[in-house]
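Residue numbers (the UniProt record's numbering): 1 to 1044.
For every residue, glycine included, the Cβ atom is placed at its ideal position computed from N, Cα and C.
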Amino acid sequence: MIINNQDYFLVNEILSKVNSNSEILICSNNFSFNALFVLLDQFKGNQRVRIIINTSDLDNNKALFIHNPIEVRTDSALQGYYRLNTVLKKFQDSVEVRKSNIGGLSFVVIDEHVFMLAPNTVHEATLGIIKEGGPYLISYISDSQFSYKQTFNNQWNAAVDCKEELISLYDQANPLKPAHDIYQYTISKIFQDRDESDLKEERLTRTGFKSSVIWSKLFNFQKDAVLGAIDKIEKYNGCIIADSVGLGKTFEALAVIKYYELRNDRVLVLAPKKLRDNWIAYTKNYTTNILEKDRFNYDVLNHTDLGREGGLSGDIDLDKVHWGNYDLVVIDESHNFRNNNPSKDHVTRYERLMNQIICAGVKTKVLLLSATPVNTRLNDLKNQVAFITESNDQALKEEGITSIELTLRQAQTKFNNWLKDSDPSRDSLINRLDGDYFKLLDLLTISRSRKHIEKYYDVSDIGQFPERLKPKSMYSEFDTQDKEFSITYLNDQLQMLNLQFYSPLFFVHKHLQPKYAEKYDTITKNGTKFSQLEREESIITLMRVNLLKRLESSIHSFCLTLNSVLNRVNFLIEKIDNHKEFLDDVDIMDLDFDDEELRDSVIGGKVKVLLQDIDQVKMKGFLESDKAIIEKLLGRCEEITVSRDQKLQDLIHLIEEKIDKPLNTENKKVIVFSAFADTVRYLYDNLASYFQNKHQLNAAMVVGGDANKTKLIGCKTDLQSILTNFSPLSKSRDTVMPKQKGNIDLLFCTDCISEGQNLQDCDFLVNYDIHWNPVRIIQRFGRIDRIGSQNKYIQLVNFYPTRELDQYIDLVQRVKGRMQILDISATGDDNVIDERSGQQKELEYRKKQLERMRESVVDLEDLEGGISITDLTFNDFKIDAERISATDKLRYEQFASASFSLIRNNIVDHEAGVLFCVKDLNNTNFDEKLKLNLLHPYALIYINKDGEIIVPARTGKRALDLFKKLAFGKETIDTELLKEFNISTKSGRYMSEYTELLNVVKSHLSGEEKEAQISSIFNANAVFSGKSSSANQYEVLSYLIVSA
């Protein structure tokens, strides 16, 4: 009789031959516990079972005994816990197992009945339980002479007992595991074949890298970033580190630099001018350099140096720099290179960096640093990524990204459409974007947020972030004696100013305007004409904005600016009055405007105009009108002395209140930020001696360059000396300045230290002028809002120009007037904010941000409307997977499919449910599926107990974040939850509740499958497959049952 598992099924035939006293003999290379369960669970009498298996299978292929690949599609996957425990119990009571070299023997004997097996393995398909694999040609014979039984016994007597070995194997394979193991098991599978690092830690150790001082200074999360960054630089020629404010990107970059310097690579750091000193400090052989023993030897240049043709930058002669000889370029604040705007008459910074440094000479690797490489435009990345790829649009083709430009353009289009939603949410944006964009970010970026570090790293060794108190808002008048002298009044006066002299082309006689347009207008790369006259109108608007900002900062700074404008007005009036010489037959195209002989005949800066070519009467009228207004304003402002400066008096009261009632024991430190050096000098000059004499507190002023000052005796005025004495603990002063006595407690500073500095000894930060961009506020606060702070509480104080933000926004709107945002980039995308309904929408957006910041200090990635790369990359999970020990990896190989854990919800406002990890076993439309789910062929889905998908397959990063948070620290099984589970499911036997949720998940995935199929129809390389999607195409790898 032939049993083909079509008309007759082996399992039925076997069970029909078994009686209460039968002896069942099985000889097979291997068997799965699922197949054994099906048989043993039906044996109700005193049956005795003896099994012989092949020695080599048990020794070399243990996984087949746990989860045969052919069984992974079964609907009973979630019953593994019950099934395996049943098999273990039966093993103890009625099963004996031995191993031997059985050759080709494969049969089942029940008394005189014999079933010859082909193939020689026992699993659910062999038994006919599932229709997979095959064909199965099983023959049945009656053996009245018991010859097969004798053969079995002969083999049995020569075999070695392996029952305890199998029991131990099944104990290890028990699907119920601690949540931490389930997390590690899952990520080890998901990332096992993805982007495996060639950069092994042993290799780093051999270079001496791990013996460096900088490496010893890093926290664990920073070391992860460094390892990831070096790996990406080696693979893809570059990396963007986009860690959030306060997480130490500078030290991460220094560690990367050290690795390459140990390889004798030449390194260049490009930084904004205000941050130059931060980088140079670590290259000096000074006692203040805490990294002096690492002997850093990189060059430091300013971003602006890229636009210079020669001269000195510090001690570097730009004329002699071998630009093409740098092996690694580190670009701090790389978002400053978001745009690549052309220039008609000179090489731009972007072009110099790309063509003369990165693409020229030796192969140059690139490390970019920015907390905001992507802010309000996804396309912000385009020009930054181009440094890494040397503008090769197909550089990532082998990674599945055929065109970087197309990927970013398509993402930008979807982003623009998302912004048009009435209430756009970050999750809905992530659901809309294709996987190619996520893939691009994942390949080239590393980004973690404060929340990310708090959730997923053990911070017990470095301390928590301090608690942010509710921001304090200050509203000061200008004059203690005249409340009517308000910002509204002053702004009304400013609106009366023409300031048209900043646009000399405005006054050019009409018939001469075409010639000047020919000389000064610019044609962009995409063929758009950029009018110089329009540019000058924008300059006028910027001047109005600058006057308003100076007014917001301090009445002192406002007066200085008014005086400067008045001097220029008087100069131009005098020049017009004295102009007498007229040139004949002049062609401005041939004229050298820099000729000394023409000095009295032209006006303007870079754009020069002949005085004889303008309407001088008209221009003088404009100038005299502005002069009258400015003189009136100056006369009134100069009446406000220091004692009448209401804002200054409010600051004194605020600081004294903090001194009397410190937030943290004995901490009297205060940082006061202003956007303007003039304001900082004004504050220092009028407050430093006051607080030293009255409160015995030393003050310092930091404005960059050689203009710094301090009241602390023995303290030098270089940046590092001042900051080390202001924040002695975070700057390790005991080590670098052991003889210094006293401290600096008050620091007045500009944004030259708003980034790249750890000043966490301080707990109180004041923004004396509120920055229009909330990102800058967050960056400033990041100086004291840092992990490992000694302070329990920290306070942010913001001075606002008015109590009513509506009034403030209206004021800004009036200042900006006709200003239009000019999009002169070659990206082809529209200005997003303008598209959403113009300037007013932008101002409303800023208003919403500022309103939110009056109530709480928000993280950079939480600013509404911003994009955070942290939401989109898998770097930390890959590092988690890489750090799994070899021992644990071997242990995880023995885990059964559908391994699971029971945990209580530890996340606020998170619903109870199940987190499933499933694997798609259908290989069709792979590339299209990958665009929908970057973890494909794996998918992570969170579903609540009501069957609602909370975290869909497309948001793999979000699901992994959730997984890691839920499993963090859960290294044992919750016995109370296990007791509840065993009662509700009869020890895992009745899993219908979870099977129904799994079916919903499979339906959800089938929907994604159909979308991928539709997408593939439009793919020219698509191959049609007649196979339809099936719920049984998915293997359950693991799942977490999350209880309330």
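(message) Taking the straight line between their C-alpha atoms, what separation do you get for residue 327 and residue 539?
(response) Put simply, the backbone Cα of residue 327 is about 39 angstroms away from that of residue 539.
(message) Rounded to whole angstroms, what is the Cα-Cα separation between residue 16 and residue 443?
(response) One C-alpha to the other measures close to 58 angstroms.
(request) Tell me, please, which residues DSSP counts as bridged to residue 27. (result) Paired residue(s): 52, 107.
(request) Put residue 238 into one of helix, strand or coil per three-state DSSP. (result) In the structure shown, residue 238 sits in a strand (DSSP, three-state: E or B).
(message) Once the 5 residues before and after residue 356 are set aside, which same chain residues still bring their CB inside 7 angstroms of it?
(response) Counting only Cβ-Cβ distances below 7 angstroms, and skipping sequence neighbours, we find 323, 324.
(message) Looking at the strands, I want to know which residues DSSP matches up with residue 795.
(response) Its beta-bridge partners are 764.
(message) Quick check: what's the CA-CA separation for residue 180 versus residue 445?
(response) Each residue's alpha carbon lies about 27 angstroms from the other.
(request) Could you tell me whether the Cβ atoms of residue 1042 and residue 891 are closer together than 9 angstroms? (result) Contact: no.
(request) Reducing DSSP to helix, strand and coil, say where residue 321 ends up. (result) DSSP places residue 321 in coil when its eight states are reduced to three.
(message) Output needed for residue 1056: all residues of its chain with C-beta closer than 7 angstroms, excluding positions within five of it in sequence on either side, in chain order.
(response) Outside the shown range of the chain (1 to 1044) lies residue 1056, about which nothing can therefore be said.
(message) Am I right that residue 125 and residue 70 are in contact with their C-beta atoms under 8 angstroms? What's the rounded C-beta distance?
(response) With a Cβ gap of about 5 angstroms, residue 125 and residue 70 count as contacting.
(request) Return the CA-CA distance between residue 213 and residue 959, expressed in angstroms with no decimal places. (result) Each residue's Cα considered, the two are about 37 angstroms apart.
(message) Between the alpha carbons of residue 645 and residue 434, how many angstroms are there, rounded?
(response) If you take the alpha carbons of residue 645 and residue 434, they lie about 56 angstroms apart.
(message) Do residue 677 and residue 707 count as a contact pair if the criterion is CB distance below 9 angstroms?
(response) Residue 707 is a Cβ neighbour of residue 677, given a cutoff of 9 angstroms.
(message) Quick check on residue 940: does DSSP put it in helix, strand or coil?
(response) Strand, per DSSP.
(request) Give the straight-line distance between the Cα atoms of residue 1005 and residue 953, rounded to the nearest whole angstrom. (result) If you take the alpha carbons of residue 1005 and residue 953, they lie about 7 angstroms apart.
(request) Please say whether residue 28 and residue 51 have beta carbons closer to each other than 9 angstroms? (result) For residue 51 and residue 28, yes; Cβs fall inside 9 angstroms.
(message) In the DSSP assignment, the alpha helix (DSSP H) including residue 517 goes from what residue to what residue?
(response) Counting along the chain, the alpha helix (DSSP H) containing residue 517 begins and ends at 513-520.
(request) Measuring alpha carbon to alpha carbon, tell me which of 441, 108, 136 ends up nearest residue 142. (result) Of the listed residues, the one whose Cα sits closest to residue 142 is 108.
(message) Just to confirm my understanding: we take residue 340, look at its own chain, exclude 5 residues before and 5 after, and list those with CB closer than 6 angstroms. What are they?
(response) Taking C-beta separations shorter than 6 angstroms and ignoring five residues to either side along the sequence, the partners of residue 340 in its chain run 350, 383, following chain order.
(message) Within a Cβ cutoff of 7 angstroms, which residues of the same chain sit near residue 551, ignoring the five residues on either side of it in sequence?
(response) Contacts found: 487, 490, 558.
(request) Locate the alpha helix (DSSP H) running through residue 565, then write down its first and last residues. (result) Note, residue 565: alpha helix (DSSP H), 555-578.
(request) Using alpha carbons as the reference points, say which of 60, 438, 360, 505 lies closest to residue 381. (result) Ranking the options by Cα distance to residue 381, first place goes to 438.
(request) In angstroms with no decimal places, state the Cα-to-Cα distance between residue 101 and residue 167. (result) Each residue's alpha carbon lies about 20 angstroms from the other.
(message) Just to confirm, is the Cβ distance from residue 566 to residue 630 under 9 angstroms?
(response) With contacts defined as CB atoms closer than 9 angstroms, residue 566 and residue 630 qualify as a contacting pair.
(request) Determine, using beta-carbon pairs with one atom in the region 505-522 and one in the region 661-681, whether at least three such pairs fall under 8 angstroms. (result) No: the two stretches stay apart, fewer than three of their Cβ pairs being nearer than 8 angstroms.
(request) State the Cα-Cα distance for the pair residue 231 and residue 885, rounded to the nearest angstrom. (result) Distance from the CA of residue 231 to the CA of residue 885, rounded to the nearest whole angstrom, comes to 19 angstroms.
(message) Judging by CA-CA distance, which residue of 12, 46, 104 is the nearest neighbour of residue 57?
(response) The shortest C-alpha separation from residue 57 is found at 104.
(message) Just to confirm before moving on: does the CB-CB distance between residue 1033 and residue 920 stay below 9 angstroms?
(response) In this structure, residue 1033 lies near residue 920, with their beta-carbon atoms less than 9 angstroms apart.
(request) Tell me the start and end of each unbroken beta strand (DSSP E) in the region 262-307 that is at least 3 residues and wholly inside, in chain order. (result) The region 262-307 contains these whole beta strand (DSSP E) runs: 267-271, 299-302.
(request) Look at the Cβ atom of residue 306, then the Cβ atom of residue 330, and state whether they are nearer than 9 angstroms. (result) In this structure, residue 306 keeps its C-beta atom at 9 angstroms or more from the C-beta atom of residue 330.
(request) Report yes if the C-beta distance between residue 286 and residue 296 is below 9 angstroms; otherwise report no. (result) No, the Cβ-Cβ distance between residue 286 and residue 296 is not below 9 angstroms.
(request) Report the option in 939, 661, 601, 387 whose CA atom is closest to the CA atom of residue 237. (result) Out of 939, 661, 601, 387, 387 has the C-alpha closest to the C-alpha of residue 237.
(request) Assign residue 251 to buried or exposed, taking buried as 16 or more other Cβ atoms, counted over all protein chains shown, within 10 Å of its Cβ. (result) So residue 251 counts as buried.
(request) Have a look at 494, 748, 563 and flag the residue whose alpha-carbon is nearest the alpha-carbon of residue 542. (result) Comparing alpha carbon positions, the residue from 494, 748, 563 closest to residue 542 is 494.
(message) Could you tell me the alpha carbon to alpha carbon distance between residue 580 and residue 620, rounded to whole angstroms?
(response) Taking the straight line from one Cα to the other gives about 15 angstroms.
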